[in-house]
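Input: a single structure, listed below in structure tokens.
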Amino acid sequence: MSGSKQLWHVVDKRSMRLSTDADMSRLVSSLGYHSQPLLFESFQGEESLSRLPEFSIRFLHTSSHLNYRELAGKQLTLNMDTAAKTRYLGGIVTQIEALGPADSQGSYYRYECQVRPWLWLSTLNKNYRIFQHRSVPEIVQEVLEAYEQPFEFCLHHQNRYPQRDYIVQYGESDFEFISRLLEDVGIYYYFIYEENEQRLRLVDDVVCHEKITGYERLPYYEEYAVPQVAVECLTAFHAVERLLPTRYQAQDYNFLMPKVSFNDVANEQPSKTHHPEAEVFEWTGVFKSLDDIKPYCQTQLNSLHHQRKYFQYQSTARGLTTGARFQLINEPVAERSVEKGDNNRYPGDYLVTSTRYDLRESPYETLGALVTKSATNTEFETNLSSYRCLMYLTVHDMEKPYGVLKQTPKPRVNGLQSAVVVGLEGEEIWTNEHGQVKVQFHWDREGQSDHDSSCWLRVASPWASAGFGAIQVPRVGDEVLVDFINGDPDRPIIVGRVYNQLNMPPWELPLHATRSGFYTRSSPDGHFRTKNILYFEDKMDHEEVYLRAEKDKNTLVQNDQTHHIQNNAVEKVEHHKAIKVAKNHYELIGGNMSLAIGERQNPGVDLSIPPIALAKQLGKPEQAFKEESGSLNLAVENDKKETIGRDHAQRVMKNKTVYVEGHHFHQVNEELLIRSNTAIALQCGQSEIRLEPDGSIFINGKNLQIKVEDLLNMLSTIVKVN
């Protein structure tokens, strides 16, 4: 521009045109200011693989009253002519500023817009939601589809993306969420700009990158050798090489295979230094098998390659974009002696990983009076020489693997959360073979409080050993406390349970504050009357252990059992009772014993009175045991009374002997029958009455007295009197 005479003159009151020697670009807005066009002044910004581009566009307008607020949220696109076709750069206007007059005459007014691709909209929200049984690409696709903007996948390694059981977007924007997922599996993205839109392209390998027509091969010139004629080329070579880790190791644990070590290491050729090689070790907590963890390690190691060595150039190639491949001609002198890799897939090819733009337009001819360049008008002198079309590129040698570093942190859960146990409709208990349950988190707006609301959550137990321990499966509707292993929202675990206003404690509080224990509920269709209970009452002078079995109670003692009751014991059986003793049975009763059989009860043992009063009435029995094989010995120190409501039958298989040291009183209100098949004898000292089975009766004694007040009949065929 120096040495030439540039004049500003009137063209038209309502229209502008570009300077004749700077017909480089034009700005197009979706608002369509046709009568008063927006005149492009400058474009600056940067875009990189897997980073949101950020552009700043300045434009001029003849009106100071431009309704610039209407631009916010609209598409704004820079159209730039290249050697092959028009190139587009732009996006959605996210911020606009009115900067005031652009010249001293007030002919132009300057405005500045911040422009971002549509994916920037995904940074504005914040969400909590759960994804289950989907791969990372499937989750990303679901998130992006909500924005109704163009995107596409080019995935070369489909086997890297197994279904994940459970992934949580936890207090993250959509952009943060999908960014960390993509970084984990080695998928990165860039934008392809079209006239009215930006197409997001997600890839996982350099094979997915294409060359741009007209820019397949570009020459490199050292700065001192750049041709004088306008040529699109690369110059100002700058190489960066750094010491970085050469080894990436990851390890995980899966409770389904607790003895299997999920560990893998990815290595690359050590750097030629005398320093120890650095290793990155990561405890992942997301993988189920070794097949999942292997590609993860390699992906993360690949992401270090680009950071270890990359190249930077200054470029005038208008059509070369981030994400494009190109072949470099005239390799920089500094690189010609560098040893190349073994990968010959793309010899001499480079991938543009980032671009920094510095585009400026020459000044426009203005409306109004003739303005000439003068010594006092330095503003116009600066503008006259301000035309610029420079791009600063960072490129990656495609003979080396490429990956994007993990930069998006995974959110961590700080502390416990409460949730509600859920399950299949109609089920009161919903669990699996591991005693796990599912929950509905209070922050989950999409869950339906059913068996799909979450993954299976393990339930912490005070005692969990191999086939033994303590267990109680939380019921549907219970409120539980959920912690997260290592704070990872994808790894919830239930560590406790709490009551709430709907699920109150089983006994009234604080009335029974001294009571602790267990109170269960029959299932299914149980209610407050159907339960098993074991509680401990610690109220002073009312201490009690209470056990209730809703139906059966079974006790197995494989050795000895001892009951020591220091006061009374009451046992009540509503129906039958059977006792089977394989060997001996001994009972020792220190006081009285009363036994009531049938409907009538012994007057001394009234079973209808309260148990406490009955216990006082029974006294304090003690028991002792004496072993004598085959016998039952019952010793009663005082009286023994028996009342039998109806019949009483005894059968003695051999002999029966009754010793009475005092009186023996026998009273029968009706018939008394004594029968013997051999003989019946009554003896008292020297007297005897004996009955023989042949009908003989013998009476022996010193004296025989017969006293009859009324009549004595003696009937016999023969009567002998000696």
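Quick note: the sequence shown uses the numbering used here, first residue 1184, plus one each step.
By construction, the Cβ of each residue, glycine as well, lies at the ideal position given by its N, Cα and C atoms.
Under the three-state reduction of DSSP output, lysine 1477 falls in the helix class. With the rule of 3 Cβ pairs closer than 8 Å, the region 1609-1626 does not count as touching the region 1578-1593. CA-to-CA, the gap between tyrosine 1353 and glutamate 1451 works out to about 35 Å. DSSP places glutamine 1490 in the helix class (H, G or I) of the three-state scheme. A distance below 9 Å separates the beta carbons of phenylalanine 1509 and tyrosine 1533. Beta-bridge annotation (DSSP): tyrosine 1682 is not paired with any residue.
In this structure leucine 1576 touches serine 1498 by the C-beta definition: roughly 5 Å separates them, less than 8 Å. If you draw a straight line from the Cα of lysine 1823 to the Cα of asparagine 1775, it is about 7 Å long. Assignment of valine 1423 by DSSP, reduced to helix, strand and coil, places it in the strand class.
Apart from the 5 residues on each side of it in sequence, glutamate 1415 sits with its Cβ closer than 6 Å to the Cβ of Thr1499, Ala1500 in its chain, given in chain order.
When DSSP states are grouped into helix, strand and coil, valine 1389 belongs to the helix group. Straight-line measurement puts the Cα of leucine 1282 at about 34 Å from the Cα of glycine 1506.
If you compare the alpha carbons of Lys1309, Leu1894, Glu1754, Gln1481 with that of glutamate 1355, the shortest gap goes to Lys1309.
Around the beta carbon of lysine 1593, a 10 Å sphere encloses 16 or more other beta carbons of the protein chains shown; the residue is thus reported as buried. Annotation for arginine 1363: no beta strand (DSSP E) segment contains it, though the alpha helix (DSSP H) segment containing it runs 1357-1368. The DSSP-derived three-state label of glycine 1670 is helix. With fewer than three CB-CB distances shorter than 8 Å, the region 1320-1338 does not count as touching the region 1638-1656. Counting only the Cα atoms, tyrosine 1496 lies some 12 Å from proline 1402.
The three-state reading of DSSP puts leucine 1855 in coil, since its state is none of H, G, I, E or B. Judged by DSSP secondary structure, proline 1320 falls outside any beta strand (DSSP E) and instead within the alpha helix (DSSP H) spanning 1319-1328.
Contact annotation: the region 1478-1489 touches the region 1333-1343, with at least three C-beta pairs closer than 8 Å. Arginine 1252 sits away from asparagine 1262, with the two beta carbons spaced by 9 Å or more. Bounds of the beta strand (DSSP E) holding asparagine 1446 are 1445-1450. Taking C-beta atoms as the reference points, valine 1622 and isoleucine 1677 count as a pair closer than 9 Å.
Note that the region 1603-1616 touches the region 1655-1662; at least 3 beta-carbon pairs, one per stretch, sit closer than 8 Å. Contact annotation: the region 1243-1250 touches the region 1275-1294, with at least three C-beta pairs closer than 8 Å. Collapsing the DSSP output to three states places arginine 1252 in a helix. Spatial neighbours of glycine 1273 in its own chain (CB-CB distance under 6 Å, excluding positions within 5 residues in sequence) are listed in chain order as Leu1259, Thr1260, Leu1261, Val1298. For aspartate 1264, the pairing in a beta bridge is given by DSSP as Thr1269. Using a Cβ-Cβ distance cut-off of 8 Å, the region 1697-1716 and the region 1729-1741 are in contact, since at least three pairs of beta carbons, one from each stretch, lie closer than that value. Under the criterion of beta carbons closer than 8 Å, glycine 1884 and glutamine 1869 qualify as touching, at roughly 6 Å. In the assembly as shown, serine 1537 is a buried residue. Its beta-carbon has 16 or more other beta-carbons within 10 Å. Tryptophan 1301 carries a helical assignment under DSSP once its states are collapsed to helix, strand and coil. In this chain, the beta strand (DSSP E) harbouring methionine 1574 covers 1571-1580. Beyond the five residues adjoining it in sequence on each side, alanine 1449 comes within less than 6 Å, by CB distance, of Tyr1431, Cys1480, Gln1481, Leu1484 in the same chain, given in chain order. Shortest Cα-Cα distance from glutamine 1315 to any of Glu1229, Phe1701, Cys1638 involves Cys1638.
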